[in-house]
Amino acid sequence: MFLLRHTNNLKTPCRIQLKIDLKKVLKNINTMQSQIGDCQLIPVLKADAYGLGAIQIGKYLAENGISQIGLADVNEAIELKGLFSEIHLLGDVFESELKTIIEKGWICPVSSISRLKEWEQYCRDTKLKIQFNIDTGMGQTGIPIKIAQQEILEVMNLPWIEIKGIYSHFTNAESAEDDFALQQMKEFKALINDLENNGLKLPFKHIGNSNGINFLPESYKEFSHVRSGINLYGIQESQTSKNGYLAETLELKTSVIKVNDFKPGESLGYGREFIVKNSMKIATIPIGYADGIPYQSYKEGYVLINECKCPIVGRLSMDYTSVDVSNVPDVKINDPVILIGHSGSFKITVEDWACWKNTIPYEIICSFGPRIKKVYLK
42 MFLLRHTNNL
52 KTPCRIQLKI
62 DLKKVLKNIN
72 TMQSQIGDCQ
82 LIPVLKADAY
92 GLGAIQIGKY
102 LAENGISQIG
112 LADVNEAIEL
122 KGLFSEIHLL
132 GDVFESELKT
142 IIEKGWICPV
152 SSISRLKEWE
162 QYCRDTKLKI
172 QFNIDTGMGQ
182 TGIPIKIAQQ
192 EILEVMNLPW
202 IEIKGIYSHF
212 TNAESAEDDF
222 ALQQMKEFKA
232 LINDLENNGL
242 KLPFKHIGNS
252 NGINFLPESY
262 KEFSHVRSGI
272 NLYGIQESQT
282 SKNGYLAETL
292 ELKTSVIKVN
302 DFKPGESLGY
312 GREFIVKNSM
322 KIATIPIGYA
332 DGIPYQSYKE
342 GYVLINECKC
352 PIVGRLSMDY
362 TSVDVSNVPD
372 VKINDPVILI
382 GHSGSFKITV
392 EDWACWKNTI
402 PYEIICSFGP
412 RIKKVYLK
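Numbering of the sequence shown is given in this note's numbering, commencing with residue 42 and proceeding in unit increments.
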């Protein structure tokens with residue numbers, strides 16, 4: 042019993058640390074709000090705030106005056122325990138979740154009018170707050186735009202619903218000349234005009250996202266709200282994004298755990314893929330693909346140690362990564378290793394890791410594993 046209690050209370054140094062600067066997150070929100078003017082920003086904290094911690098980030102935002110957010114589903118909303126007065130559920134819901142949605146007063150998405158009509162039995166005492174989800178091109182959820190007007194007008198006067206708004210989602214919005222995004226906005230705005238001309242009041246009208254803020258002023262100038270997720274953290278959604286005006290909020294670091302000298306002909310890593318050609322010094326760092334570091338990054342990736350770039354060599358393992366420190370003076374165990382952030386004149390970004398994996402930044406931050414300790418700076 043003594044050993045069990047002792048083990049449970051044992052505190053060990055953190056091997057991997059992800060710092061999230063909440064002040065900068067809030068600054069980014071305020072910066073975007075200044076840019077979009079009268080349009081209101083809806084911060085999106087779905088998927089555990091893209092893997093960065095929705096509860097901690099949500100509490101800080103609520104304490105600093107943010108009253109509404111967007112989430113993917115009911116379970117995410119339950120976790121936030123009533124921090125926000127307005128929660129926009131953006132993903133489809135199951136019938137079994139309606140009781141909770143109605144009790145909490147969350148705004149429920151409607152992607153099917155036939156399904157909506159089946160929900161009356163749950164709304165005998167309290168109206169269901171809804172937003173119509175319109176499919177303007179994504180093809181996953183939503184009422185198809187071609188039939189949306191007719192179907193919505195059929196239910197606009199149902200006594201047991203409270204219509205709060207209407208929204209859609211860009212398939213792509215990576216330039217001001219993105220023809221399909223412009224077409225989506227045109228069709229969506231036309232639908233809204235038709236519905237309002239038929240007497241339907243729509244307080245919430247939104248299609249814009251982070252890239253909409255970056256590239257398409259029409260996505261916030263011509264609608265009441267705009268949603269943003271990845272912009273909160275100053276991360277570029279794509280290689281062509283224009284959000285350099287936002288502050289970088291993340292730093293990922295670990296420490297050197299071992300330093301070895303290698304001779305020509307020796308190998309390291311799985312598959313002996315890396316064979317040493319010239320004598321070199323290799324540092325091992327205790328972070329691997331189980332922690333979210335892309336396995337593919339061994340071909341191009343690097344880390345920063347003592348203000349020097351240190352290329353990754355050999356295949357990553359689940360728990361460790363090897364880096365070339367031959368040109369790093371006096372490298373030793375416990376030296377800090379920067380994987381995201383600055384060291385001297387160099388920096389590494391989430392976008393760099395995404396490039397090395399040939400993926401999107403979302404996947405990088407959503408993949409951070411449980412061994413990474415998150416530290417929130419206030």
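Ideal Cβ placement from N, Cα and C applies to all residues, glycine included.
Since we're looking at a predicted model, the values are computed, not measured.
Practice task
Could you tell me the distance, in whole angstroms, from the CA atom of F125 to the CA atom of I57?
Solution key: 31 Å
Exercise for the section: Report the option in K294, N198 and Y403 whose CA atom is closest to the CA atom of Y343. Expected result: K294
Practice task
Kindly examine the ligand FMN and report whether one of its heavy atoms sits closer than 7 Å to the Cβ of M73.
Solution key: This structure lacks the ligand FMN; in fact it carries no ligand of any kind.
Problem - beta strand (DSSP E) segment containing G206, residue limits - result: I202 to Y208
Practice task
Identify the continuous beta strand (DSSP E) that holds A324 and give its terminal residues.
Solution key: M321 to I326
Handout entry: Residue span of the beta strand (DSSP E) that contains D62, given as start and end
Key = Q58 to D62
Handout entry: Rounded separation between L223 and K340 - CA only
Key = 38 Å
Problem - Length-filtered (4 minimum) alpha helix (DSSP H) runs lying within the segment 70-137 - result: 87-92, 95-104 and 115-120
Exercise for the section: Provide the residue span of the alpha helix (DSSP H) that contains S384, from first to last. Expected result: Run containing S384: none in the alpha helix (DSSP H); it sits in the beta strand (DSSP E), P377 to S384.
Problem - Sequence-distant residues of its chain with Cβ nearer than 6 Å to G132 (five each side left out) - result: A113 and D114
Handout entry: Q81 versus Q74 - alpha carbon distance
Key = 7 Å
Problem - Close beta carbons around F315, own chain, < 7 Å, minus the five adjacent residues each side - result: S308, L309, V354 and G355
Handout entry: Buried/exposed call for R313, threshold 16 Cβ in 10 Å
Key = exposed
Practice task
Mind listing, in chain order, the continuous beta strand (DSSP E) runs of no fewer than 3 residues lying wholly within the segment 289-370?
Solution key: 291-296, 299-303, 321-326, 343-346, 349-352 and 362-365
Problem - beta strand (DSSP E) segment containing I175, residue limits - result: L169 to D176
Exercise for the section: Could you tell me the boundaries of the beta strand (DSSP E) in which I389 lies? Expected result: F387 to I389
Problem - Terminal residues of the beta strand (DSSP E) in which C149 lies - result: C149 to V151
Exercise for the section: Specify the secondary structure class of K373 as computed by DSSP and reduced to three states. Expected result: coil
Handout entry: Per-residue DSSP class, three states only, for R412
Key = coil
Exercise for the section: Consult DSSP for Y286 and reduce its assignment to one of helix, strand or coil. Expected result: coil
Problem - Reduced DSSP category for I401 - H, G, I as helix; E, B as strand; rest coil - result: coil
Practice task
Report all residues from its chain with a CB closer than 8 Å to the CB of V66; omit the five preceding and five following residues, and keep chain order.
Solution key: I98, Y101, L102, L273, Y274 and T290
Handout entry: Assumed close pair I107, L418 - CB separation to whole angstroms, cut-off 8 Å
Key = Contact doesn't hold; Cβ gap of about 18 Å is too wide.
Problem - Residue from K158, L169 and F135 with nearest C-alpha to E144 - result: L169
Problem - Nonlocal neighbours in the same chain, by C-beta distance under 7 Å from K350, ignoring five residues either side - result: Y343 and F387
Problem - Burial state of N71, where buried means 16 or more other Cβ atoms lie within 10 Å - result: exposed
Problem - Classification of I389 by the beta-carbon crowding that lies within 10 angstroms, buried from 16 upward - result: buried
Problem - Collapsed DSSP secondary structure at L243 in the structure displayed - result: coil
Exercise for the section: Could you please give the first and the last residue of the uninterrupted alpha helix (DSSP H) stretch that includes S251? Expected result: S251 to F256
Handout entry: Reference M359, options Q337, Y330 and V378, closest by Cα
Key = Y330
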